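Enquirer: My structure is below; once you've seen it, I'll send some questions.
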Amino acid sequence: MTVGEALIRSRQLGDFLVVPYLLVDRRRTAAVSARVRLLREAGAHAVEVGIPFSDPIADGPVLAEAAARSLRHGTDWADVLATVRAAAPELPVAVMSYVNPLLRDGSPGTFPELARAGASALIVPDLADDEAEGWSPLARSHGLDLVRFVAPGVPADRVRRIARSSRGFLYLVTRNGITGTRAPSPAPDLSALVRTARKAAPRLPILAGFGIRDAATAGAAARLGADGVVVGSALEEIGAGRDAAEPTRALIRALRSGPDQMAFTRNPTRKPTRIPQ
Amino acid sequence: MPNRFGRYGGAYVPETLVPALQELERAWVEARRDPGFRTELAERLRTYAGRPTPLYRAPRLTRRGKGAEIWLKREDLLHGGAHKINNAIGQGVLARRMGKPRLIAETGAGQHGVATAMVGAALGFETVVYMGERDIARQHPNVLRMRLLGARVVPVTTGSRTLKDAINAALRDWTENLPTTHYLIGSVVGPHPFPTIVGAFQSVIGREILSQSRAAWGGPPDLAVACVGGGSNAIGTFHPLLRQPTELLGVEAGGPAGHPTGAASLTRGRPGVLHGSYTYLLQDRDGQVRETASLSAGLDYPAVGPEHAHLQATGRARYGVVHDDEALRAFHWLAEDEGILPALESAHAVYAAVREARRRRGQHIVVTLSGRGDKDLEVIPE
Chain C
0 MTVGEALIRS RQLGDFLVVP YLLVDRRRTA AVSARVRLLR EAGAHAVEVG
50 IPFSDPIADG PVLAEAAARS LRHGTDWADV LATVRAAAPE LPVAVMSYVN
100 PLLRDGSPGT FPELARAGAS ALIVPDLADD EAEGWSPLAR SHGLDLVRFV
150 APGVPADRVR RIARSSRGFL YLVTRNGITG TRAPSPAPDL SALVRTARKA
200 APRLPILAGF GIRDAATAGA AARLGADGVV VGSALEEIGA GRDAAEPTRA
250 LIRALRSGPD QMAFTRNPTR KPTRIPQ
Chain L
0 MPNRFGRYGG AYVPETLVPA LQELERAWVE ARRDPGFRTE LAERLRTYAG
50 RPTPLYRAPR LTRRGKGAEI WLKREDLLHG GAHKINNAIG QGVLARRMGK
100 PRLIAETGAG QHGVATAMVG AALGFETVVY MGERDIARQH PNVLRMRLLG
150 ARVVPVTTGS RTLKDAINAA LRDWTENLPT THYLIGSVVG PHPFPTIVGA
200 FQSVIGREIL SQSRAAWGGP PDLAVACVGG GSNAIGTFHP LLRQPTELLG
250 VEAGGPAGHP TGAASLTRGR PGVLHGSYTY LLQDRDGQVR ETASLSAGLD
300 YPAVGPEHAH LQATGRARYG VVHDDEALRA FHWLAEDEGI LPALESAHAV
350 YAAVREARRR RGQHIVVTLS GRGDKDLEVI PE
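Protein chains in written order, with numbering that gives the first Met the number 0: chain C, 0 to 276; chain L, 0 to 381.
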C-alpha cells in the first residue's frame with residue numbers, strides 16, 4: 000500500500016493520522032525494522048525516512064544536529080536504501096530529503112532506486128512550488144508521489160495550485176520557522192488556508208508539521224482542520240536507545256489523541272471540517 | 000524577471016521563504032525603475048562609500064609580469080576596505096523601502112559583515128551578523144569592527160563553522176523573522192532574486208572600469224581578472240564587459256598546494272543545489288557538501304554564484320585556480336612593488352594576472368582589487 004492509500008484508508012476509519020520521522024543513521028540501520036514495527040504498533044500510519052544532508056536549512060537544532068551526527072557516523076546512500084528496505088515491510092515509506100542528495104549528475108536520478116527499495120512518496124523541503132513542476136511527473140513515472148508544502152503567507156491561488164498537484168498528502172507547515180523549535184510568536188491562523196486547500200483537493204490528506212511535539216500541538220493542528228501530523232524533533236529527542244520504546248509509544252498515542260483536545264478549545268461547538276470520503 | 004542564468008540558478012527553498020522572495024523581487028523591480036532610488040544610491044555610493052574608485056596603472060607590478068600592462072581597480076579604497084559596501088548600501092536602501100527594521104547577514108572574511116554593520120548604523124537598522132566560529136578566530140579584527148559598529152555577531156558552531164554554515168544560520172533566522180527582517184546576502188549566491196540583485200549592485204565596478212579604461216587607453220580591457228568565492232566582485236567586474244571584446248578570467252582558491260579541491264567549485268566541482276541555487280558545488284558522491292580549504296576566508300565557500308556556472312558553460316568567462324602559496328607570493332609582490340596590501344582574496348587574482356601578463360605583451364589587463372589586506376595580517380606568515 001502506498002503512503003497516500005494508507006493515509007486515506009485510515010482517515011476513513013476515523014483515525015487522526017500520525018507520521019513519524021526517522022533519520023537514516025548508519026549506527027541505527029540494524030534496528031530500523033524493530034523501531035518501525037514499534038511505531039506501527041503504537042499507531043503510526045506511515046513513516047518518513049529522512050536522508051541526512053550537510054546543509055539542512057529548514058531544520059532546527061535537534062534535526063540539524065542529528066543529521067550532522069549521522070554523517071559523522073559515515074552514513075551513505077547504501078544506508079539510505081537499507082533503511083527504506085527495512086522500514087517498508089512494516090509501514091508505508093515516504094522519503095524526506097533535501098534536493099541535493101537526490102541528484103545524480105545534476106538531475107534527480109535517485110528515484111528508481113528509492114522506489115525499488117520500497118518508498119512510495121517523496122518529501123523535499125527545499126523544493127518550492129516553482130521548481131517542483133518538473134519533478135512531480137518524473138517522480139510519478141517511478142511510482143513516487145511528490146508531497147508538496149503549503150506555508151503561512153502563501154496566497155490562495157498558489158495554495159490551490161500546490162494542493163492540486165500534491166500527491167500522497169499535503170504538508171502543512173504550521174508556522175514561519177524551522178523544524179522542532181517552539182514558535183517565537185503565536186502561530187498564524189491557518190484554518191482559511193486549510194479550507195482553501197481542502198476545496199481544491201478534497202480527497203488529499205493534509206498533515207501538519209513543524210513544532211508538533213505533544214497532544215496539545217496535535218490538537219491545535221486538528222483545530223486547523225488537518226487530518227494528522229508529522230512528528231520529527233520530538234521523536235528524535237527521545238532517541239533510539241533501549242529505554243526509548245515506552246516514551247515513543249506514549250508520544251504516538253498522545254499525537255493520535257490530538258482531536259480529543261478539541262474539546263478544550265474556546266469554541267468547542269465548531270463542527271470539524273467535513274471530509275468527503 | 001528571469002530566475003535562471005541558462006540552466007543555473009532558480010529558487011530551491013522551503014515554501015515558507017517564497018512569499019519573502021517574491022516581496023523582494025517586487026521591491027527590486029519597483030526600486031530599479033524609481034529615479035529617486037537611483038539618485039539616493041548614487042549619492043550614498045559617492046559620499047559615503049567613496050566612489051568612484053581609481054583605476055591605477057601598476058608600473059612595477061607590470062615590470063614583474065614582463066608583458067601586458069597591469070591596471071588595478073581599487074575597490075580596496077572603499078569605506079570598510081572592500082567592494083562589499085556597494086551591495087550593502089544598495090540592499091540597505093531597498094530594505095528601508097520595504098519597511099524592514101532589521102538586517103541579518105552572513106560573513107566569511109568579515110568584510111560583508113562589516114559593510115552590513117556600517118550600513119545598518121548609517122541607515123538605522125538593528126543588525127545581526129552570522130559568522131562561523133572558525134572564521135571568527137581567523138578574522139578577529141573584523142569581529143571587533145562589527146561590534147563597534149553596533150552589530151551583534153552570532154558565532155555559528157554547526158557544520159564546518161565557516162561561510163556556508165553562516166548562510167544556513169542566516170536563512171533559518173530569516174525564515175523565523177520574515178515580517179521584520181531583510182536578509183542582506185553578501186554575494187551573488189542564494190535563491191533568485193538574490194544573485195541578480197547583488198550582481199546589479201556590484202556592476203558599478205565594471206561600469207567604472209569601462210569608462211576609465213576608455214579614458215586611459217581608448218578602449219576596454221583586453222583581459223579582466225577577479226577572484227571568485229561566491230563571485231560578487233567578479234560578476235560586478237564582468238557584467239558591464241560582457242558585450243565588449245574583453246576576455247574574462249575568474250580565479251578560484253585552490254587551497255594548500257596538493258589539496259584535491261581547495262574551494263574551487265567551478266573547476267573541481269559538479270552541478271548541484273546549495274543555498275537555494277542550482278550551481279557548481281564541491282560535493283561527495285552522495286551529494287553531501289564538502290568542507291573546503293583556503294587560506295582566504297572570503298573564498299572558502301563550496302559553491303559559487305549561478306551566473307558564473309552559466310558563464311563557464313557558455314565559455315564567455317574562463318575560470319582558473321591559484322593556490323595558497325601563490326596568493327601569498329602575490330600579496331608580497333603587491334606590497335613591495337606598489338605599496339598596497341591586498342586582501343588575500345584579491346591576491347589570488349593578482350597572481351593570475353601576473354601569470355597571464357607574460358604572454359600578452361601590448362595588452363591591457365585590469366585586476367579587480369576587491370579588498371585591502373589589513374584584516375589578514377595575522378594570517379600572513381612573516
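We treat Cβ as the ideally placed atom computed from N, Cα and C, and that holds for glycine.
As the structure is a prediction and not an experimental result, all values here were calculated from the model.
Counting only runs that start and end within the region 259–304 of chain L, where is the alpha helix (DSSP H) found for 4 or more residues in a row?
Expert: Qualifying alpha helix (DSSP H) stretches, in chain order: 264–267.
Enquirer: If you measure beta-carbon to beta-carbon, which residues of the region 104–133 of chain C are closer than 8 Å to chain L?
Expert: Against chain L - using a Cβ distance shorter than 8 Å - the residues of the region 104–133 of chain C are 104, 105, 124, 125, 126, 127, 128, 129 and 130.
Enquirer: Measure the alpha-carbon distance for residue 282/C versus residue 140/C and round it to whole angstroms.
Expert: With chain C covering 0 to 276 only, the question about residue 282/C has no answer from this structure.
Enquirer: Apply the 10 Å Cβ neighbour rule to residue 28/C and answer buried if 16 or more other Cβ atoms are within range, or exposed otherwise.
Expert: Buried: at least 16 other Cβ atoms inside 10 Å.
Enquirer: Between the region 71–102 of chain C and chain L, which residues of the former have a C-beta closer than 7 Å to a C-beta of the latter?
Expert: If the cut-off is 7 Å between Cβ atoms, the region 71–102 of chain C has 75, 76, 98, 99, 100 and 102 near chain L.
Enquirer: Can you tell me whether DSSP reads residue 78/C as helix, strand or coil?
Expert: Helix at residue 78/C.
Enquirer: List the residues of chain C whose Cβ lies closer than 7 Å to the Cβ of residue 300/L, in chain order.
Expert: Here the premise fails: no neighbours, minimum Cβ distance about 12 Å.
Enquirer: Bridge partners of residue 144/C, per DSSP?
Expert: Paired residue(s): 120/C.
Enquirer: Spatial neighbours of residue 383/L within its chain, please: C-beta separation below 6 Å, excluding the five flanking residues on both sides.
Expert: Coverage of chain L is limited to positions 0 through 381, which leaves residue 383/L absent and any answer about it impossible.
Enquirer: Taking the straight line between their C-alpha atoms, what separation do you get for residue 175/C and residue 150/L?
Expert: If you take the alpha carbons of residue 175/C and residue 150/L, they lie about 24 Å apart.
Enquirer: Please state if the CB of residue 332/L and the CB of residue 353/L are separated by a distance shorter than 8 Å.
Expert: Taking 8 Å as the Cβ cut-off, residue 353/L and residue 332/L qualify as a contacting pair.
Enquirer: Considering only residues of the same chain and omitting the five flanking positions on each side of residue 122/C, which have a CB-CB separation below 6 Å?
Expert: So the qualifying residues of the chain are 93, 95 and 146.
Enquirer: Residues of the region 136–157 of chain C with a CB closer than 9 Å to any CB of chain L: list them in chain order, please.
Expert: Those would be 147, 148, 149, 150, 151, 152, 153, 154 and 157, in chain order.
Enquirer: I want to know whether the region 23–33 of chain L touches the region 200–217 of chain L - three or more CB-CB distances under 8 Å.
Expert: The region 23–33 of chain L, when compared against the region 200–217 of chain L, does not touch it at the 8 Å Cβ threshold.
Enquirer: Take residue 46/L as the anchor and find which of 72/L, 88/L and 286/L has the nearest alpha-carbon.
Expert: The option with the nearest alpha carbon to residue 46/L is 88/L.
Enquirer: Does the region 179–187 of chain L come within contact of the region 211–223 of chain L, defined as at least 3 CB pairs closer than 8 Å?
Expert: Judged by Cβ distances under 8 Å, the region 179–187 of chain L makes no contact with the region 211–223 of chain L, as fewer than three pairs qualify.
Enquirer: By the three-class DSSP mapping on this structure, what secondary structure does residue 106/L have?
Expert: Residue state, collapsed to three classes: strand.
Enquirer: List the whole-angstrom C-beta distance separating residue 256/L from residue 137/L, where the pair is believed to meet the contact cut-off of C-beta under 8 Å.
Expert: Rounded, the Cβ-Cβ distance is 19 Å, inconsistent with contact.
Enquirer: Where does residue 156/C land, buried or exposed, given buried means 16+ other C-beta within 10 angstroms?
Expert: So residue 156/C counts as exposed.
Enquirer: Between the alpha carbons of residue 160/C and residue 131/C, how many angstroms are there, rounded?
Expert: In a straight line, the C-alpha of residue 160/C is about 12 Å away from that of residue 131/C.
Enquirer: Shorter than 8 Å from the beta carbon of residue 61/C to some beta carbon of chain L?
Expert: So no, residue 61/C is outside the interface.
Enquirer: Whole-angstrom Cβ separation of residue 190/L and residue 276/L, contact assumed at under 8 Å?
Expert: Indeed they touch by this definition, with Cβ atoms about 6 Å apart.
Enquirer: Along the beta strand (DSSP E) that carries residue 219/C, what are the first and last residues, could you check?
Expert: Taken as a continuous stretch (DSSP letters only), residue 219/C belongs to no beta strand (DSSP E), being part of the alpha helix (DSSP H) at 214–223.
Enquirer: Give the interface partners of residue 224/C over in chain L, defined as CB-CB distance under 8 Å, in chain order.
Expert: Correct list: empty, because the minimum Cβ distance to chain L is about 18 Å.
Enquirer: Could you compute how far the alpha carbon of residue 303/L sits from the alpha carbon of residue 187/L?
Expert: Approximately 8 Å, taken between the alpha carbons.
Enquirer: What three-state label does DSSP hand residue 4/L in the structure shown?
Expert: In this structure, residue 4/L counts as strand in the three-state DSSP scheme.
Enquirer: Would you verify that the beta carbon of residue 13/L is, or is not, closer than 8 Å to some beta carbon of chain C?
Expert: Yes, contact with chain C.
Enquirer: Have a look at 241/L, 120/L and 197/L and flag the residue whose alpha-carbon is nearest the alpha-carbon of residue 231/L.
Expert: Answer by Cα proximity: 197/L.
Enquirer: Give a yes or no on whether the C-beta atoms belonging to residue 204/C and residue 10/C are separated by under 8 Å.
Expert: Cβ distance < 8 Å, so residue 204/C and residue 10/C count as in contact.
Enquirer: Roughly how many whole angstroms lie between the Cα atoms of residue 310/L and residue 1/C?
Expert: Going by the C-alpha atoms only, they are around 44 Å apart.
Enquirer: State buried or exposed for residue 195/C, treating a residue as buried only when at least 16 other CB atoms are found within 10 Å of its CB.
Expert: Flag for residue 195/C reads buried.
Enquirer: In this structure, what does DSSP give as the bridge partners for residue 106/C?
Expert: DSSP, once it has assigned bridges, lists 103/C as partnering residue 106/C.
Enquirer: Can a CB atom of chain C be found closer than 8 Å to the CB of residue 17/L?
Expert: By this cut-off, residue 17/L is an interface position.
Enquirer: Does the count of Cβ pairs from the region 36–47 of chain C and the region 4–16 of chain L closer than 8 Å reach three?
Expert: Touching, no.
Enquirer: CB-CB under 6 Å to residue 329/L, same chain, minus the five flanking residues each way: which ones, in chain order?
Expert: Closer than 6 Å at Cβ, skipping near neighbours: 346, 349 and 350.
Enquirer: Could you tell me whether any Cβ in chain L is nearer than 8 Å to the Cβ of residue 210/C?
Expert: It does not: the Cβ of residue 210/C has no partner Cβ on chain L nearer than 8 Å.
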